[in-house]
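Engineer: Heads up: the sequence shown begins at 167 in this note's numbering, then just goes up one per residue.
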Amino acid sequence: MVTRTSIGPASASPRRHSRTHPALVFGLTALLAGAGVTALSGTADAASTLGSAAAGKGRYFGTAVAANHLGETPYVSTLDTEFGSVTPENEMKWDAVESTRNSFTFGAADQIVGHAQGKGMKIRGHTLVWHSQLPGWVSGLAAGDLRTAMNNHITQVMQHYKGQIHSWDVVNEAFQDGSSGARRSSPFQDKLGNGFIEEAFRTARAADPAAKLCYNDYNTDGVNAKSNAVYAMVKDFKARGVPIDCVGFQSHFNSASPVPGDYQTNLQRFADLGVDVQITELDIEGSGTSQATSYGNVVKACLAVSRCTGITVWGVTDKYSWRSSGTPLLFDGNYTKKPAYDAVLTALGGSGSGSGGGTAACSVSYSKATEWSDRFNGTVTVTAGGSAISGWSTTVTVTPPQKISATWNGTPTWDSGGNVMTMKPNGNGTLAAGASTSFGFTVMKNGSGAAPTLGACTAS
Ligand code: XIL
């Protein structure tokens, strides 16, 4: 077990809350993928979720995830239904994975990665080199040793997840707030100088050439002295061939730090340097229409910039947000969709349920139960999304010459070929928000052990 007392952000910016978090205990649970759950899931009609609507625009829509909530059914069903990408909120940070020098602990991060992979989600890596959530032993090193430790950290962590991470935040928050445009004081900056950022990116490219390498920061969302300084660095990197692929804009907003009027302009000028831009930690304090409008504006800005490849919100539900008192996310503490959710879905070109009710969502997942030489049993779990549902329907397709020979806990109908089964509830199909039910079936192999494919879950 790793026990971590989280460290609040060190910045003096007024919108950066210096709240103290309770100690979080991360269980080193085995990979979920080990449970034999096959990676199949589907959701209601194509553009009725954030992830599917964003995919329709060629983008991902993700969320920060905390491993210690993965045992909570409505948390997981909202995650699985709505999002196509995850960022571990704390589990890949230096203090979580290398609290003791050269002794790496990946349990909690692996749990998130395993879950995401089981659902076909993308994974953002966050973060390799940052002044915060940094163990004391790192700050205590002299320059030469610190350089070795930094490069070893990057290499070990990236190699552990090699080929599995879509984008890595290689360096996080290396610039000061305010008008100076200077680098922030940190053990890396103070002992290694400006060159530490370049060195980190070069090391990262060697460790996992397939991962996109991002610089990530906050208060860089509009055109200002801090973003100008980051812009100059990225421009210099591109000119000199230092490997950098993307810039992350954290986008933590509130009334003191609202969405800048030149947000899109700023994203575009970075994109014009030849890097992708990503919105990496979006949350907007507020409620109702004004919060919804701000969210919609952020999404529209991203969609207007062709190199804005995706958006990540910094948490699933207000109740677990790092700034929960500001209710900055898309789902409230009961996983009910907020007006901000509707605004995001609409801006993404999606349609569907929304906070006002209407067609609710559900998701489905498959696991294989008992297997014999000639047949196996399958179980499909149907889970309601953030609202209660009164009925559901999903399809199970087997590969001919396989045949489904028996079913239970559902009412099946068949297509003419006999290999696509549409399953509906047996009688009462009511499920509370986040609640689950299961049905089962037997597949006669007839020579093929192929896993069945699930279609989308349609709720009513
Ligand atoms: C925050 C997490 O959300 C909190 O749980 C933790 O206590 C502190 O860090 N910028 C970042 C993120 O890059 O890693 C921070 O996440 C929020 C600010």
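The beta-carbon is built from N, C-alpha and C at its ideal position, and this holds for glycine as well.
Can you tell me whether GLY606 is helix, strand or coil according to DSSP?
Structural biologist: If DSSP states are grouped into helix, strand and coil, GLY606 belongs with the strands.
Engineer: Write down every uninterrupted run of the alpha helix (DSSP H) in the segment 454-506 whose length is 4 residues or greater and which is fully enclosed by it, in chain order.
Structural biologist: Here the runs fully enclosed are 454-469.
Engineer: Quickly, what does DSSP pair ASN420 with across the bridge? List them, please.
Structural biologist: Looking at the DSSP assignment, ASN420 forms a beta bridge with SER423.
Engineer: Is it true that the CB of GLY250 sits closer than 9 Å to the CB of ALA154?
Structural biologist: Shown here, the chain extends from 167 to 626; a query on residue 154 therefore has no answer.
Engineer: Could you have a look at VAL252 and say whether DSSP puts it in helix, strand or coil?
Structural biologist: Note: VAL252 maps to strand in three-state DSSP.
Engineer: Looking only at C-alpha atoms, which of VAL546, PHE542, PHE362, PRO409 sits nearest to SER533?
Structural biologist: Comparing Cα positions, the closest option is VAL546.
Engineer: Need the endpoints of the beta strand (DSSP E) that ALA535 sits in, please.
Structural biologist: Where ALA535 is concerned, the enclosing beta strand (DSSP E) stretches over 528-537.
Engineer: Here's a check: name, in chain order, each residue in its chain whose Cβ is nearer than 7 Å to the Cβ of PRO409, leaving out the five neighbours to either side.
Structural biologist: Here the set comprises PHE367, ARG368, ARG371, LEU379.
Engineer: What does a CB cutoff of less than 8 Å around VAL471 pick up in its chain, not counting 5 residues either side in sequence?
Structural biologist: Excluding positions up to five away in sequence, the list reads GLN430, LEU433, GLN434, ALA437, VAL443.
Engineer: Starting from the C-beta of ALA616, find all residues in its chain whose C-beta is less than 8 Å away, skip the five residues before and the five after it, and write them out in chain order.
Structural biologist: If we look at ALA616 and ignore the five residues flanking it on each side, its Cβ neighbours are VAL564, THR565, GLN568.
Engineer: Pull up the CB-CB distance for THR535 and LEU597, whole angstroms please, since I reckon it's below 8 Å.
Structural biologist: The residue asked about is misnamed: residue 535 is Ala in this sequence, not Thr. About 21 Å separates the two Cβ atoms, so there is no contact after all.
Engineer: Which residues mark the beginning and the end of the alpha helix (DSSP H) in which GLN430 is found?
Structural biologist: Its alpha helix (DSSP H) spans residues 429-437.
Engineer: Under the DSSP definition of a beta bridge, which residues are partnered with ASN382?
Structural biologist: ASN382 pairs with ASN338, GLY414.
Engineer: From which residue to which residue does the beta strand (DSSP E) around THR547 run?
Structural biologist: Unbroken beta strand (DSSP E) run through THR547: 541-550.
Engineer: For GLY286 and VAL425, I'd like the C-alpha separation in whole angstroms.
Structural biologist: Each residue's Cα considered, the two are about 31 Å apart.
Engineer: Would you mind giving the Cβ-Cβ distance between ILE450 and PRO494, rounded to the nearest angstrom? I have them listed as a contact below 8 Å.
Structural biologist: Indeed they touch by this definition, with Cβ atoms about 5 Å apart.
Engineer: Should ASN612 be listed as close to ligand 1, given that the test is whether its C-beta is under 8 Å from any heavy atom?
Structural biologist: No.
Engineer: If I measure Cβ to Cβ from GLY515 and keep anything under 7 Å in the same chain, skipping five residues before and after, which residues do I get?
Structural biologist: Closer than 7 Å at the Cβ level, and outside the excluded window around GLY515, lie ALA213, ALA219, GLY222, LYS223.
Engineer: How long is the line joining the alpha carbons of PHE227 and ALA601, rounded to whole angstroms?
Structural biologist: Computed Cα separation, rounded: 24 Å.
Engineer: Sorted by chain position, which residues of the same chain lie with C-beta nearer than 7 Å to THR321's C-beta, five sequence neighbours on each side aside?
Structural biologist: The residues are THR369, ALA373.
Engineer: Can you name the start and end residues of the alpha helix (DSSP H) that ALA372 belongs to?
Structural biologist: Here the alpha helix (DSSP H) through ALA372 covers 361-373.
Engineer: Which residue from GLY613, HIS281, HIS235 puts its Cα closest to that of SER531?
Structural biologist: Minimum Cα distance to SER531 is reached at HIS281.
Engineer: Would you tell me roughly how many angstroms separate the C-alpha atoms of PHE498 and THR455, rounded to the nearest one?
Structural biologist: Per the sequence presented here, residue 498 reads as Asp, with Phe not at that position. Rounded to whole angstroms, ASP498 to THR455 spans 15 Å at the Cα level.
Engineer: Would you check whether ligand 1 has a heavy atom nearer than 8 Å to the C-beta of GLU255?
Structural biologist: Yes, the Cβ of GLU255 comes within 8 Å of a heavy atom of ligand 1.
Engineer: Buried or exposed: which applies to LEU540, given that a residue is buried once 16 or more other Cβ atoms fall within 10 Å of its Cβ?
Structural biologist: Leu is not the amino acid found at residue 540; the sequence shown has Asp there. By the neighbour-count rule (16 or more Cβ atoms within 10 Å), ASP540 is not buried but exposed.
Engineer: Express the C-alpha separation of ASN500 and GLY621 in angstroms, rounding to a whole number.
Structural biologist: Computed Cα separation, rounded: 27 Å.
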